[in-house]
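Q:
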RNA sequence: GAGGGAGUGGCGGAAUUGGCAGACGCGCCGGAUUUAAAAUCCGGCGGCCUUCACCGGCCGUGCGGGUUCGAUCCCCGCCUCCCUCACCA
């Protein structure tokens, strides 16, 4: 029988499971390696071939590291709380736990069919009581530290789902997953004070081996800006009166109004305090609390109308008209603390309440947004920064010119804002200072005057941590009658999810847990006083914030993990997952980890030392002009290679395009089908061969056939199937003798192959590693005799990629132990270099011939052989060589 | 609009401290084998020109310049695509 994956794969998978081959324990005699996949949400639709791309990558590394002598921790589990199971529960009238178990069983089976080297003894699900007990335990730690708190906040309420969503889950006024509309509501919610860790979350990125783009995304998300805040005093009465009002040092963020309503003030945040002299007006966000009280009577109607309009606009997509500036004058003026002059206060929606102080000083000369606004409403524009004289000779844009000029009019700020650094002008005591110096000087001045201080501002906001859902972790807290909230004692964890009759919000809009009335009404075990339980549940992110820690000690019943396990296994050495988690899961998990670090519960500052994103696998889809999609098996090409497609049954023409796999596009490839047709080894190999692991790829069945053929060729080096026979015979070409003199070249190829595969694995270069193995197998194919020594390393090289075939061959070679436990083959560096090199010879930079030189040859030999070449001489056309460039082992270039 | 990444045959992709561009695979073409087919094995395949054929020649890594003996790789200026953020003061 020729290579038949179905005859060998289940056998080895069973044996690995039965013998717990990949179960590991803390073993301080060995170096550890912790390889982790981002664990999946077990959806009802099962795996598609995109999931195993990352899983295959970690599995290859995991098996390889193991063969290199590492104690490898490679676990898998389920991020199983979440909305889809809850909705399925409503649909099917089953408990979400039932749905979840069904989906998990399916996922596990699908994953196990691929022969991954997971330690299944460590499998966890975030929905297991023994797991979420510890999620609640960690929550209490955060609560005790004041990092989990309740607040009345404007939330993203999704009426269709009956729950709030995190800011990150909403884009353009819609839930990113389903597209359901989302609106603003003010509700009591649980919040996580992630902002307290903003600085460390940004600075600790530096030491991580993560894709730079991903680190950038996190930096942008956290959004650190350094600047200053400055207090502006409001003049009441609506008339500018040049009299400087008294400053209010340390004014509260958001503004304040004195009892007499004579002086009000507000604070702005700016990254450019050096431009304060250029602030010609101020802008408050429409929701700013001061707006109502400072607006003058003549303007009141217009301002009210604007504020109302802005509020409604915020609910729709406000992105659309972000270019057009709108606003309204309040009729009030503020004193520019630097110039002492009154400047108008406007309301405009380009200032956001949620960032900084919700108020800005507008410097239209040096900020594009302020400039656009000033132009739109005819506000004055003043230049307070001029460009630095550029060094002579350097070209540049219009805003860079001005070498030798002393005038400040070299850039025209009336035309466009000048936002670059420069030298301060028209700025009193700042004149002549560079932007950096002026920034420092102004900040100091503000501090001395009691009008402001240096300030660091982050875009990051606190994390909205509650959801109005059933299928999540209950909050282990009690609300007492006096309005306080106290933790459930640790010894009463876990706080179990109560059974309820329907997984929907109550009629009066309370979360589903409110249906469990007996559960909600309880008593405080410490005092016996009546108490109410929290009816919100935690978001899905909670469980995934610490699962990597549970994996290191999953059965621990006295602690979430032991110190011993933590100190041995952490941090995660390689973490692989989709880029879609760049700023959500990865930021939340880092935040929790840092809190745990501060509590002394973990010993590393960061959880994931090295992280890589696997690319997305896409596939062709087929669509009629009407938009209707068809399954790939239902269409055919009108003629081979024509690129034109039609529906087989109806003949209707369809267009084809490459798209993200989705059910609705009918282009999902199920790994079960691939395993059925080609086997798990081919599936794994193709996932690796499709392209670099971090870029995506187009799934093509032909490609799977290609790697399947390769595995067949490798198989046939060991087994032959005589005509008509049903069983394989050991290939008679395999001989037990030393490598012969005519086999030296192939021996070298073997060593080069081991070298390249090893080097490529170290950088996750799976596709090139496979390509090198193909070269080697091709070279062995068709040889009349095959010394065992040339064959023996091959299954070991192959085993991380195609472990089933490798085990089978390994056993046939007479080994009693598993190849999974075999040592990784070594190469002899001396056999990886050629004695003789083929060197290109160029004439005037064009290759004209090649010469063969010994690796030891000196430059003179290169030159002599190059010039002796007939082809080279012809190309030289009889002219003398002006110069001969010899780069040993690389090239010869003859210049005539 | 800002930031990041990428453009290489019919296709996926190799190759860069600057040294023979296109490894490997898909696809296609031809041959062997076969009653035939499948499978397998062998050979060929960047474009243009020249040639009966061999042998040759020119062009070619998004476009235009530059540095260099030599550029897919470095520099300058563009174009296109992808991703992320999007009035963050």
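Residue numbers (the working numbering): 69 to 964. In this text, a Cβ means the ideal position worked out from N, Cα and C, and glycines have one as well. Please read all numbers here as calculations on a predicted model, not as lab measurements.
Sorted by chain position, which residues of the same chain lie with C-beta nearer than 6 Å to residue 947's C-beta, five sequence neighbours on each side aside?
A: For residue 947, where only same-chain residues beyond five positions count, the Cβ hits under 6 Å are 964.
Q: Here's a check: name, in chain order, each residue in its chain whose Cβ is nearer than 6 Å to the Cβ of residue 724, leaving out the five neighbours to either side.
A: Hits under 6 Å: 688, 690, 713.
Q: Tell me whether residue 412 is buried or exposed, calling it buried when 16 or more other Cβ atoms sit within 10 Å of its Cβ.
A: It is buried - the Cβ of residue 412 has at least 16 other Cβ atoms within 10 Å.
Q: Report yes or no: do three or more beta-carbon pairs, one from the segment 818–829 and one from the segment 896–909, lie closer than 8 Å?
A: Yes, the segment 818–829 is in contact with the segment 896–909.
Q: Can you round the beta-carbon distance between residue 194 and residue 612 to whole angstroms, since I take them to be within the 8 Å contact cut?
A: Yes, residue 194 and residue 612 are in contact; Cβ-Cβ is about 7 Å, under 8 Å.
Q: May I ask you to report which of helix, strand or coil DSSP gives residue 797?
A: Three-state DSSP puts residue 797 in a strand.
Q: When burial is assigned at 16 or more other CB atoms within 10 Å of the CB, is residue 696 buried or exposed?
A: That one is exposed.
Q: Whose CA, out of 908, 825, 334, 554, lies closest to the CA of residue 892?
A: The residue with the shortest Cα to Cα distance from residue 892 is 825.
Q: What does a CB cutoff of less than 7 Å around residue 526 pick up in its chain, not counting 5 residues either side in sequence?
A: Excluding positions up to five away in sequence, the list reads 263, 266, 290, 291, 292.
Q: Comparing alpha-carbon positions, which option in 506, 675, 646, 789 lies nearest residue 659?
A: The residue with the shortest Cα to Cα distance from residue 659 is 675.
Q: For the alpha helix (DSSP H) containing residue 625, name the first residue and the last one.
A: Taken as a continuous stretch (DSSP letters only), residue 625 belongs to no alpha helix (DSSP H), as it is neither H nor E.
Q: Taking 9 Å as the threshold (C-beta atoms), are residue 350 and residue 523 in contact?
A: Contact flag unset, no.
Q: If you drop the 5 nearest sequence neighbours on each side, which residues of the same chain put their C-beta closer than 6 Å to that of residue 404?
A: Closer than 6 Å at Cβ, skipping near neighbours: 347, 411.
Q: Does the Cβ of residue 274 have 16 or more other Cβ atoms within 10 Å, making it buried, or fewer, making it exposed?
A: The residue in question, residue 274, is exposed, as its Cβ has fewer than 16 Cβ neighbours within 10 Å.
Q: Throw me the rounded Cβ distance for the residue 807 and residue 855 pair, which I believe falls under 8 Å.
A: About 5 Å separates the two Cβ atoms, so the contact holds.
Q: Candidates 420, 425, 408, 359: which alpha carbon is nearest residue 396's?
A: Out of 420, 425, 408, 359, 359 has the C-alpha closest to the C-alpha of residue 396.
Q: What's the gap between the Cα of residue 417 and the Cα of residue 758?
A: Their Cα atoms are separated by approximately 48 Å.
Q: Counting C-beta neighbours from all protein chains within 10 Å, is the total for residue 531 16 or more, i.e. buried, or is it exposed?
A: By the 10 Å Cβ count, residue 531 comes out buried.
Q: Could you pull out every residue in the same chain whose Cβ sits closer than 6 Å to the Cβ of residue 282, ignoring the five residues on either side in sequence?
A: 650.
Q: What is the rounded straight-line gap between the Cα of residue 814 and the Cα of residue 141?
A: Each residue's alpha carbon lies about 36 Å from the other.
Q: Taking 9 Å as the threshold (C-beta atoms), are residue 398 and residue 431 in contact?
A: No, the Cβ-Cβ distance between residue 431 and residue 398 is not below 9 Å.
Q: With DSSP as the reference, label residue 351 as helix, strand or coil.
A: Strand.
Q: If you drop the 5 nearest sequence neighbours on each side, which residues of the same chain put their C-beta closer than 6 Å to that of residue 139?
A: Answer for residue 139: 92, 95, 98, 100, listed in chain order.
Q: Go to residue 260, then tell me how far its beta strand (DSSP E) extends in each direction, as first and last residue.
A: 251–260 is the span of the beta strand (DSSP E), which, as asked, contains residue 260.
Q: Tell me, please, whether the segment 659–669 touches the segment 206–217 by the rule of three or more beta-carbon pairs shorter than 8 Å.
A: Result yes; three or more Cβ-Cβ pairs closer than 8 Å.
Q: For residue 247, which three-state DSSP category applies?
A: DSSP places residue 247 in coil when its eight states are reduced to three.
Q: Does DSSP put residue 598 in a helix, a strand or coil?
A: Of the three classes helix, strand and coil, the one that applies to residue 598 here is strand, per DSSP.
Q: In whole angstroms, what separates the C-alpha of residue 414 from that of residue 298?
A: Whole-angstrom Cα-Cα distance: 17 Å.
Q: Using only alpha-carbon positions, find the residue among 269, 226, 279 that is nearest to residue 254.
A: Here the closest residue by C-alpha is 226.
Q: Restricting to Cα atoms, I'd like to know which of 136, 182, 122, 148 is closest to residue 870.
A: Among 136, 182, 122, 148, the Cα nearest to that of residue 870 is on 182.
Q: Please confirm whether residue 73 and residue 754 have their CB atoms less than 9 Å apart.
A: No.
Q: Does DSSP put residue 383 in a helix, in a strand, or in coil?
A: Summary for residue 383: the model assigns pLDDT 49, below 50, so the residue's position carries little reliability, and this model does not support an answer.
Q: Where do the ends of the beta strand (DSSP E) carrying residue 292 lie?
A: Segment 292–303, the beta strand (DSSP E) holding residue 292.
Q: Rounded to whole angstroms, what's the CA-CA distance from residue 913 to residue 953? Just pull it up for me.
A: About 10 Å.
Q: Give the straight-line distance between the Cα atoms of residue 131 and residue 748, rounded to the nearest whole angstrom.
A: When rounded, the distance between both Cα atoms is 16 Å.
Q: Relative to the C-alpha of residue 331, which candidate in 681, 731, 340, 301 has its C-alpha closest?
A: When only C-alpha atoms are compared, the closest one is 301.
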